[in-house]
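Visitor: Numbering (the working numbering), first residue to last: 16 to 265.
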């Protein structure tokens, strides 16, 4: 199957789904499409609540596309690539609609950032999480603010330092990333649909005002995440990272 980003609206619930055949990794074109789709859904009066999900079964999102990272040749290209994640997170932050996350499988790197940027996140027991960036010579600089905001700096640091370990769904729930964890995808979808339907029946103005409260004190993130993208963009050019990425290339 080819990569895609879609928006489907049913009963004022807007479902945004992204997919990439390589474990839902995120090349820059998919990141750009995802950002545009979130902004569009936020402006659409037919959408009262948004659900963010990915296609496939056991992988929510593998983070940055390693195949694209290895093609980066200069700092400008690096900054542009990592700004893709910054733009998606900022689009989610500024979106006037509540965004619910459906995490059906493993989330790595930027995938953890996407989960953290939702306003309420539900997962299956298969949705373990990993921040692997240090192991390939960069770091979770762009997603750090949103991950730390959701699970705390201590847990973020623990995951960043133990970069090759998948942390359990129970860890993610205990730290506040996941509100609820389910045994099956079917149970997850049932609960998600029930919650989304309830939210869609609430006063949209109240939801928008509450979302502003949820994201209080993040107004500087447009600049902050761009600065972080610059750091990653430089590090991806290092000899260490180039060598490591070649060994990972698929």
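C-beta: ideal position from N, C-alpha, C; glycine also. Note that this is a predicted model, so its numbers are computed, not measured.
Where in the stretch 212-264 do unbroken runs of the alpha helix (DSSP H), each at least 4 residues long, occur, reported from the N-terminal end onward?
Guide: 219-229, 236-250, 254-263
Visitor: Let me check understanding here. Comparing Cα to Cα, which of 185, 102, 114, 86 lies closest to residue 32?
Guide: Here residue 32 refers to the residue found at position 17 of the chain shown. Comparing alpha carbon positions, the residue from 185, 102, 114, 86 closest to residue 32 is 114.
Visitor: Which residues mark the beginning and the end of the beta strand (DSSP E) in which residue 138 is found?
Guide: Here residue 138 corresponds to residue number 123 of the chain shown, with the count starting at 1. Its beta strand (DSSP E) spans residues 135-139.
Visitor: DSSP three-state call for residue 25: helix, strand or coil?
Guide: Against the chain shown, residue 25 aligns to sequence position 10. Strand.
Visitor: Please identify the residue among 203, 192, 160, 154 whose C-alpha is closest to the C-alpha of residue 176.
Guide: Along the chain shown, read from residue 1 onward, the residue named residue 176 stands at position 161. Put simply, of 203, 192, 160, 154 the residue whose alpha carbon is nearest the alpha carbon of residue 176 is 154.
Visitor: To the nearest angstrom, how far is the alpha carbon of residue 151 from that of residue 189?
Guide: One-based indexing of the chain shown puts residue 151 at position 136. One-based indexing of the chain shown puts residue 189 at position 174. Whole-angstrom Cα-Cα distance: 27 Å.
Visitor: Residue 81 lies in the alpha helix (DSSP H); which residues open and close that run?
Guide: In the chain shown, counting from the first residue as 1, residue 81 sits at position 66. Per DSSP, the unbroken alpha helix (DSSP H) holding residue 81 starts and ends at 81-84.
Visitor: Leaving out the 5 sequence neighbours to the left and right, which residues in its chain are closer than 8 Å to residue 47 when beta-carbon positions are compared?
Guide: Translated into the one-based positions of the chain shown, residue 47 becomes position 32. These residues qualify, in order along the chain: 99, 102.
Visitor: Would you call residue 217 buried or exposed, if buried means 16 or more other Cβ atoms sit within 10 Å of its Cβ?
Guide: For the purposes of this step, residue 217 is taken as the residue at position 202 of the chain shown. Answer is exposed; the Cβ neighbour count stays below 16.
Visitor: Out of 224, 91, 130, 142, which one is the CA nearest neighbour of residue 241?
Guide: As a working note, residue 241 is residue 226 in the chain shown. Closest by alpha carbon: 91.
Visitor: So residue 49 is in the beta strand (DSSP E); what residue range does that whole segment cover?
Guide: Counting from 1 along the chain shown, the entry for residue 49 is found at position 34. Note, residue 49: premise wrong, no beta strand (DSSP E); alpha helix (DSSP H) at 43-58.
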